[in-house]
Amino acid sequence: TKELNLLIPMTNETYSYPEVTYTGERSMVRPNVIYIGDNFFLPWIRERVMDFTNMDWQLWYYFDEVWCRYNEQDLGKEHVMHTDWIAKMNDADCIVIMYTAANLSTLGNGFIEQAYNHFYKG
């Protein structure tokens, strides 16, 4: 307590961590999803949430790097703009945009505007 210069002594806390299980069969119909987001997804990738809930998935990390089950964190990433992202978007069953509160001012990092301009030209 003295080292931290605290007025009130620290208490030992008990932390809770989830134990996630999946009851569905691997053969169940699951969607192909593109996620567009920030660091919020990193624990989900580490815990393989998308591998169990989606048939196929990609994370367009800040609408810049393409992360997927095949390249996850440790392999080189391709840039979204160097892919046929329109075709990938059209093939997806669902697109999820999810950012932490700190990044809401840059929601989509340009994806929303570019997708809108593609579908509503002029």
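My numbering numbers the first residue of the sequence shown as 40 and each following residue consecutively. Using N, Cα and C, we set each Cβ at its ideal position, and we do this for glycine too.
Distance, Cα to Cα, residue i vs residue j?
{"i": "W124", "j": "A140", "result": "26 angstroms"}
{"i": "P70", "j": "N148", "result": "24 angstroms"}
{"i": "D77", "j": "N129", "result": "22 angstroms"}
{"i": "L46", "j": "F150", "result": "48 angstroms"}
{"i": "A131", "j": "E64", "result": "21 angstroms"}
{"i": "N51", "j": "E86", "result": "27 angstroms"}
{"i": "F3", "j": "Y56", "result": "Summary: the structure shown does not reach residue 3, with the chain confined to residues 40 through 161, and so no result is reported for it."}
{"i": "S66", "j": "M89", "result": "15 angstroms"}
{"i": "K127", "j": "T145", "result": "22 angstroms"}
{"i": "D95", "j": "Y138", "result": "21 angstroms"}
{"i": "F158", "j": "E117", "result": "24 angstroms"}
{"i": "L98", "j": "E42", "result": "42 angstroms"}
{"i": "M49", "j": "V59", "result": "31 angstroms"}
{"i": "C133", "j": "N44", "result": "50 angstroms"}
Give me the Cβ distance between residue i and residue j, rounded to the nearest whole Å; I'm assuming they're in contact under 8 angstroms.
{"i": "F91", "j": "Y61", "result": "4 angstroms"}
On the criterion of 16 or more Cβ atoms from any shown chain inside 10 Å, does residue i qualify as buried, or is it exposed?
{"i": "V119", "result": "buried"}
{"i": "Y100", "result": "buried"}
{"i": "Y54", "result": "exposed"}
{"i": "N93", "result": "buried"}
Excluding the 5 residues preceding and the 5 following residue i in the sequence, name in chain order all residues of the same chain whose CB lies nearer than 7 angstroms to its CB.
{"i": "T122", "result": "V105"}
{"i": "N142", "result": "D77"}
Please return the same chain residues whose Cβ sits closer than 8 angstroms to the Cβ of residue i, not counting the five positions on each side in sequence.
{"i": "V135", "result": "V72, I73, Y74, I75 and G76"}
{"i": "W83", "result": "M89"}
Keeping to the same chain, check which residues put their C-beta closer than 6 angstroms to that of residue i; ignore five residues upstream and five downstream.
{"i": "R108", "result": "D90"}
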